[in-house]
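Quick note, the sequence shown lines up with residues 418 to 633 if you use the numbering used here. Below: one structure, written as structure tokens.
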Amino acid sequence: MRIGILGSGLMGSKLGVIFARAGHDVVFSYSRSQEKLQRLARDAGPNARAATPREAAEVADVLLLAVHWSNVGEVLQQAGDMSGKIIATCSLPMNDTDSALVIANTSSGAEELARKAPGAAVVSAFGSVPSEVLFAVFDARGSGARPSLVYCGEDERAKEIVAELIRDVGFDPVDAGPLRIARYIEPFTLLVAQLAYEGERGPALAYRFEWREETS
Ligand SMILES: NC(=O)c1ccc[n+]([C@@H]2O[C@H](COP(=O)([O-])OP(=O)(O)OC[C@H]3O[C@@H](n4cnc5c(N)ncnc54)[C@H](OP(=O)(O)O)[C@@H]3O)[C@@H](O)[C@H]2O)c1
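Right, dumping it as structure tokens:
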């Protein structure tokens with residue numbers, strides 16, 4: 418797959434490196450430092466390069482949106498027409514101090530994004546785990562029970578493609594349903610962040626849902 422990274426910070430840089438290591442073509446974009454994008458592309462190997470958001474959007478089949486909520490409008494404007502593209506978003510609709518969701522209950526960041534990028538197939542994915550756990554999950558992907566990763570969206574083909582990427586990173590994808598379920602996923606992520614950043618066991622935290630046979 419050709420994957421464009423819109424936002425090469427904690428989430429975008431790590432997921433981009435992992436996607437490249439998993440064999441995908443990756444274009445890193447949207448950082449304040451062109452040097453950083455080039456270094457990331459070099460470190461990620463021959464499948465990766467640095468470019469502008471517009472170039473990333475033009476060449477990619479799938480875009481990962483990984484920017485602060487306050488930058489979503491700008492990065493979309495720089496990326497240009499997104500119709501026909503799949504956008505996997507891990508971006509949470511947080512306020513400027515990252516202390517609260519600015520959209521919740523009656524909508525979600527993922528749904529707002531779908532409105533801002535008409536014609537794109539938006540899938541909410543990857544946002545429910547901290548960046549600190551990503552390499553550990555990728556490195557352990559061949560051994561033991563995989564942690565879950567919830568995702569949701571409207572377009573079934575887009576969801577299948579994103580589920581494949583979730584598997585490539587080392588998670589067990591859990592289809593949570595249509596895009597409006599992001600209204601539940603996004604606040605759930607604040608619980609994960611609370612445990613990761615305020616808990617005693619460090620931020621490299623993932624979660625696993627298990628289904629059991631009912632017994633009486
Ligand atoms: N971090 C996590 O563990 C985590 C977990 C789940 C969800 N999320 C969500 O995922 C999204 C991304 O989080 P993150 O932690 O990866 O953010 P981040 O580290 O701050 O990365 C944001 C990226 O956007 C770039 N950027 C910011 N302002 C810019 C500007 N004016 N021009 C060009 N580039 C600009 C940054 O550039 P620089 O490279 O110059 O910094 C960086 O590459 C957020 O919505 C967050 O809520 C994060």
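The beta-carbon is built from N, C-alpha and C at its ideal position, and this holds for glycine as well.
Remark: C-beta atoms of Leu457 and Val484 do not approach each other more closely than 9 Å.
Distances between the C-beta of Ala610 and the heavy atoms of ligand 1 include at least one below 8 Å.
Residue side-chain check: Thr469 keeps its Cβ at 8 Å or more from all non-hydrogen atoms of ligand 1. Contact check between the stretch 538–556 and the stretch 570–584: three or more CB pairs, one atom from each, fall below 8 Å, which counts as touching. Per DSSP, Thr523 is not a residue of any beta strand (DSSP E), being assigned neither H nor E.
As computed with DSSP, Ser541 is found in a beta bridge with Thr506, Cys569. The beta carbon of Asp589 lies closer than 6 Å to those of Arg563, Ser565 in the same chain, with the five residues before and after it left out. Inclusion of Gly429 in the 8 Å shell around ligand 1 follows from its C-beta lying nearer than that to a non-hydrogen atom of the ligand.
In the DSSP assignment, Asp589 falls within the unbroken beta strand (DSSP E) covering 589–592. Boundaries for Asp442: no alpha helix (DSSP H) harbours it, while the beta strand (DSSP E) harbouring it runs 442–446, taken from the DSSP string. Its chain contains Val434 as the residues whose beta carbon lies nearer than 7 Å to that of Asp460, once the 5 sequence neighbours on both sides are disregarded; these appear in chain order.
For Gly433, the uninterrupted alpha helix (DSSP H) segment begins and ends at 427–438.
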